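Asker: This is the structure I have questions about; it appears just below.
Number of protein chains: 2
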Amino acid sequence: MSNLYTEHLRALPEFASVDATIVSRLAATGEVFELPADTVLYEQGSTPDRFYILIEGKIGLTGRSSDGRSTVVDVLMPVDQFALAALLSGGEHLMGAVTLTPSRVLGIPAATLNRMLGEDPCLTRAMLASMSRHYRTLVRQVKDLKLRTSTQRLGCYLLALSDEHHATSFRLPYDKRIIAERLGMTRENLSRAFAALRAYGVETRGAAIKLDNVARLAAYALPDRPVAAEAAE
Amino acid sequence: MSNLYTEHLRALPEFASVDATIVSRLAATGEVFELPADTVLYEQGSTPDRFYILIEGKIGLTGRSSDGRSTVVDVLMPVDQFALAALLSGGEHLMGAVTLTPSRVLGIPAATLNRMLGEDPCLTRAMLASMSRHYRTLVRQVKDLKLRTSTQRLGCYLLALSDEHHATSFRLPYDKRIIAERLGMTRENLSRAFAALRAYGVETRGAAIKLDNVARLAAYALPDRPVAAEAAE
Numbered sequence: 000m001s002n003l004y005t006e007h008l009r010a011l012p013e014f015a016s017v018d019a020t021i022v023s024r025l026a027a028t029g030e031v032f033e034l035p036a037d038t039v040l041y042e043q044g045s046t047p048d049r050f051y052i053l054i055e056g057k058i059g060l061t062g063r064s065s066d067g068r069s070t071v072v073d074v075l076m077p078v079d080q081f082a083l084a085a086l087l088s089g090g091e092h093l094m095g096a097v098t099l100t101p102s103r104v105l106g107i108p109a110a111t112l113n114r115m116l117g118e119d120p121c122l123t124r125a126m127l128a129s130m131s132r133h134y135r136t137l138v139r140q141v142k143d144l145k146l147r148t149s150t151q152r153l154g155c156y157l158l159a160l161s162d163e164h165h166a167t168s169f170r171l172p173y174d175k176r177i178i179a180e181r182l183g184m185t186r187e188n189l190s191r192a193f194a195a196l197r198a199y200g201v202e203t204r205g206a207a208i209k210l211d212n213v214a215r216l217a218a219y220a221l222p223d224r225p226v227a228a229e230a231a232e
Numbered sequence: 000m001s002n003l004y005t006e007h008l009r010a011l012p013e014f015a016s017v018d019a020t021i022v023s024r025l026a027a028t029g030e031v032f033e034l035p036a037d038t039v040l041y042e043q044g045s046t047p048d049r050f051y052i053l054i055e056g057k058i059g060l061t062g063r064s065s066d067g068r069s070t071v072v073d074v075l076m077p078v079d080q081f082a083l084a085a086l087l088s089g090g091e092h093l094m095g096a097v098t099l100t101p102s103r104v105l106g107i108p109a110a111t112l113n114r115m116l117g118e119d120p121c122l123t124r125a126m127l128a129s130m131s132r133h134y135r136t137l138v139r140q141v142k143d144l145k146l147r148t149s150t151q152r153l154g155c156y157l158l159a160l161s162d163e164h165h166a167t168s169f170r171l172p173y174d175k176r177i178i179a180e181r182l183g184m185t186r187e188n189l190s191r192a193f194a195a196l197r198a199y200g201v202e203t204r205g206a207a208i209k210l211d212n213v214a215r216l217a218a219y220a221l222p223d224r225p226v227a228a229e230a231a232e
């Protein structure tokens, strides 16, 4: 049985090698959620009951402390999976999930996932690869938080966006509050960091960013990988 | 074929349910490394060629920036696995691995692991669960880094050690430089944080710690889980 979302699932890099029939079956068991912006899909502390695939939109994975402070641990772009680790752990959600823009999400019930993981080694292998990728994303973030100043983190973030867009002029993908939380700083710190980066050729007008001197910014912010030559003009 | 390290592998929580024959085969293909303290097992940026199981000792997973600053992303205690995500990603090691004490490590060649993952769905499932646990460890760390002050992080760390020891008097498990890096602060910040925690009943003499008032410390540091009743005396 084919399904509208089979191709979306196969857009997950790790799912490209999984048998199309299996992916179709997985997609067919999913329930589609069409969510407006700022919808809480689940709360931190709740019991996981589904594994999700983000088809369209943007999802913020959020954390909060017991005194009510909150942050964005990560932002997901389509196509990606989430809630898998929580579901498999048998514990509670360590993070909440909230839509940052109108989003379409495919939710696959825990029982279905568990049955299919038992039946198809190739699917399990794909999930393992996907989980490894998410783990490595957090390794990069922990290193970013521990080894760089907040201004360097913003610099690296802008360089990554520039690489992604293959352009030195681009727009921020979500609002500055989310960017501040994603980068582990306050909104005030983010404003100061943008101001400090002017000396490295970073021009901002609202959400519009222009990098005048990528090499100089990279020499200051020290991104993990060399900035692509095409972005350096 | 049974093996000296089969039982160690089965001490990994996720491996308890894997067929003993499979675990024995995996253990039998491993090479044992007996390493003195401060031995670099592999460097950040190198190509992964093995998946490792820590049998005895302590391993620091380290990160460094291109200007030579370094940090400890995480510290592993036996029995645990590492280097799996790097190996499966096809990329380079995002972290180095260094022994913090004399350690015994079982290294399983990439080719063996890949073959066995292809053959045994139960093993793959165990690896997925293990990777999920590691992912969640980093989620907790990112939340800790973003939502707490460095002094609160130290407070939570001491409360966790107290829980682990079921005692309010215990010794720090590794030296203060490593603790500072693990908690994302400088050595000087750590000293200041210890001094600040005196007001919450934290007594230190070298590596010896005594918590005089667990409830008061918890009210200040706000750990994720309620501190176990037995630790509160």
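Respectively, the protein sequence lines represent chains A and B.
Each residue of the first sequence is one higher than the one before, starting from 0 at the first, in numbering that gives the first Met the number 0.
Each residue of the second sequence is one higher than the one before, starting from 0 at the first, in numbering that gives the first Met the number 0.
Yeah, the Cβ is synthetic: ideal placement off N, Cα and C, and Gly gets one too.
Note that this is a predicted model, so its numbers are computed, not measured.
(1) Beta-carbon within less than 7 Å of Ser129/A's beta-carbon, same chain only, minus the 5 sequence neighbours each way: which residues are those?
(2) Report yes or no: do the segment 62-69 of chain B and the segment 104-111 of chain B share at least 3 C-beta pairs separated by less than 8 Å?
(3) Between Met94/B and chain A, is the shortest Cβ-Cβ distance under 8 Å, so that the two count as touching?
(4) Could you please give the first and the last residue of the uninterrupted alpha helix (DSSP H) stretch that includes Lys175/A?
(5) Using the Cα positions of Arg103/A and Ile58/A, report the straight-line distance between them to the nearest angstrom.
(6) Could you name the residues of the segment 127-160 of chain B whose beta carbon sits closer than 8 Å to any beta carbon of chain A, in the order they occur along the chain?
(7) Whose Cβ in chain D lies nearer than 7 Å to the Cβ of Arg68/B?
(8) Beta strand (DSSP E) containing Phe81/B: first to last residue?
(9) Measure the C-alpha to C-alpha separation of Ser16/A and Leu3/B and round it to an integer number of angstroms.
(10) Please report the straight-line C-alpha distance between Lys145/B and Gln151/B, rounded to a whole angstrom.
(11) Taking the runs of the beta strand (DSSP E) that are 3 residues or longer, which of them lie wholly in the segment 2-41 of chain A?
(12) Can you tell me whether Ser1/B is buried or exposed, with buried defined as 16 or more other CB within 10 angstroms of its CB?
(13) By the three-class DSSP mapping on this structure, what secondary structure does Thr203/B have?
(14) What separation, rounded to the nearest whole angstrom, lies between the Cα atoms of Asp48/B and Ile21/B?
(15) Check the C-beta distance from Leu157/A over to Ala206/A and give it rounded, since I have them as a contact under 8 Å.
(16) Note down the Cα distance separating Arg197/A from Ala218/A, rounded to an integer number of angstroms.
(17) So Asp143/B is in the alpha helix (DSSP H); what residue range does that whole segment cover?
(18) Give the DSSP-derived three-state secondary structure of Thr70/A in the structure shown.
(19) Between the segment 181-205 of chain B and chain A, which residues of the former have a C-beta closer than 8 Å to a C-beta of the latter?
(20) I'd like the span of the beta strand (DSSP E) that includes Ala96/B, first residue to last.
(21) Comparing alpha-carbon positions, which option in Val213/B, Asp223/B, Asp18/B and Ser69/B lies nearest Met115/B?
(22) So for Glu91/B, helix, strand or coil by DSSP?
(23) Counting pairs of beta carbons, one from the segment 82-96 of chain B and one from the segment 121-136 of chain A, are three or more of them closer than 8 Å?
(24) Identify the residues that DSSP records as bridge partners of Ile107/A: which are they?
(25) Between which two residues does the alpha helix (DSSP H) holding Leu153/B run?
(26) Using the three-state DSSP reduction, which class does Gly117/B fall into: helix, strand or coil?
(27) Against Arg124/B, what residues of chain A qualify as contacts under a CB-to-CB distance less than 8 Å, listed in chain order?
(28) Could you compute how far the alpha carbon of Ala96/B sits from the alpha carbon of Arg135/B?
(29) Just the C-alpha distance for Thr203/B and Val72/A, rounded to the nearest angstrom, thanks.
(30) When you compare only the Cα positions, how much space is there between Ala27/B and Thr5/B?
(31) How is Leu221/B classed by DSSP in three states: helix, strand or coil?
(32) By the 10 Å Cβ neighbour count, where 16 or more other Cβ atoms means buried, how is Arg186/B classified, buried or exposed?
Answerer: Straight from the coordinates:
(1) Stepping through the first sequence from its first residue, residue 129/A is reached at position 130. Cβ within range, chain order: Leu11, Glu13 and Gln80.
(2) no
(3) Taking the first residue of the second sequence as 1, we reach residue 94/B at position 95. At a cut-off of 8 Å between C-beta atoms, Met94/B counts as an interface residue with respect to chain A.
(4) One-based indexing of the first sequence puts residue 175/A at position 176. That run of the alpha helix (DSSP H) goes Lys175 to Arg181.
(5) Working through the first sequence from its first residue, we reach residue 103/A at position 104. Working through the first sequence from its first residue, we reach residue 58/A at position 59. Answer to the nearest angstrom: the Cα atoms are 10 Å apart.
(6) Leu127, Ala128, Met130, Ser131, Arg132, His133, Tyr134, Arg135, Leu137, Val138, Arg139, Gln140, Val141, Lys142, Leu144, Lys145, Leu146 and Arg147
(7) The structure shown contains no chain D; its protein chains are A and B.
(8) As a working mapping, residue 81/B is identified with position 82 in the second sequence. In the DSSP annotation of this structure, the continuous segment of the beta strand (DSSP E) that includes Phe81/B starts and ends at Asp79 to Phe81.
(9) Here residue 16/A refers to the residue found at position 17 of the first sequence. Here residue 3/B refers to the residue found at position 4 of the second sequence. Straight-line Cα distance between these residues: approximately 36 Å.
(10) The count along the second sequence starts at 1 and reaches residue 145/B at position 146. The count along the second sequence starts at 1 and reaches residue 151/B at position 152. Straight-line Cα distance between these residues: approximately 11 Å.
(11) With a minimum length of 3 residues, the continuous beta strand (DSSP E) runs that stay inside the segment 2-41 of chain A are 30-34 and 39-41.
(12) Sequence index remark: in the second sequence, residue 1/B carries index 2 (1-based). For Ser1/B, the predicted model reports a pLDDT of 49, less than 50, meaning its position is unreliable and no value from the coordinates is stated.
(13) The residue given as residue 203/B occupies position 204 in the second sequence. Strand.
(14) Here residue 48/B refers to the residue found at position 49 of the second sequence. Here residue 21/B refers to the residue found at position 22 of the second sequence. Answer to the nearest angstrom: the Cα atoms are 21 Å apart.
(15) Here residue 157/A refers to the residue found at position 158 when the first sequence is read from its first residue. Here residue 206/A refers to the residue found at position 207 when the first sequence is read from its first residue. That belief does not hold up - the Cβ atoms of Leu157/A and Ala206/A are roughly 12 Å apart, past 8 Å.
(16) By 1-based counting over the first sequence, the position of residue 197/A is 198. By 1-based counting over the first sequence, the position of residue 218/A is 219. If I take the Cα positions, the gap works out to 14 Å.
(17) Reading the second sequence from its first residue, position 144 is the one you call residue 143/B. Run containing Asp143/B: Pro120 to Leu146, per the alpha helix (DSSP H) assignment.
(18) Position 71 of the first sequence, counted from the start, is the residue given in the question as residue 70/A. Correct three-state label for Thr70/A: strand.
(19) Gly183
(20) For the purposes of this step, residue 96/B is identified with residue 97 of the second sequence, where counting begins at 1. Ala96/B -> beta strand (DSSP E) spans Gly95 to Thr98.
(21) Reading the second sequence from its first residue, position 116 is the one you call residue 115/B. Looking at the Cα atoms, Asp18/B is the closest of the given residues.
(22) Against the second sequence, residue 91/B aligns to sequence position 92. Coil, per DSSP.
(23) The segment 82-96 of chain B makes contact with the segment 121-136 of chain A; the number of CB pairs closer than 8 Å reaches 3 or more.
(24) Taking the first sequence and counting its residues from 1, one reaches residue 107/A at position 108. Phe50/A.
(25) Here the question's residue 153/B lines up with position 154 in the second sequence. That run of the alpha helix (DSSP H) goes Ser149 to His164.
(26) Translated into the one-based positions of the second sequence, residue 117/B becomes position 118. Three-state DSSP puts Gly117/B in a helix.
(27) What you label residue 124/B is simply residue 125 of the second sequence in a count that begins at 1. The answer, in chain order, is Leu116, Gly117 and Thr123.
(28) Translated into the one-based positions of the second sequence, residue 96/B becomes position 97. Translated into the one-based positions of the second sequence, residue 135/B becomes position 136. Ala96/B and Arg135/B: Cα-Cα distance of roughly 20 Å.
(29) Within the second sequence, numbered from 1, the residue matching residue 203/B stands at position 204. Within the first sequence, numbered from 1, the residue matching residue 72/A stands at position 73. Taking the straight line from one Cα to the other gives about 33 Å.
(30) Taking the second sequence and counting its residues from 1, one reaches residue 27/B at position 28. Taking the second sequence and counting its residues from 1, one reaches residue 5/B at position 6. Those two C-alpha atoms are separated by around 8 Å.
(31) In the second sequence, counting from the first residue as 1, residue 221/B sits at position 222. Coil.
(32) Position 187 of the second sequence holds residue 186/B. That one is exposed.
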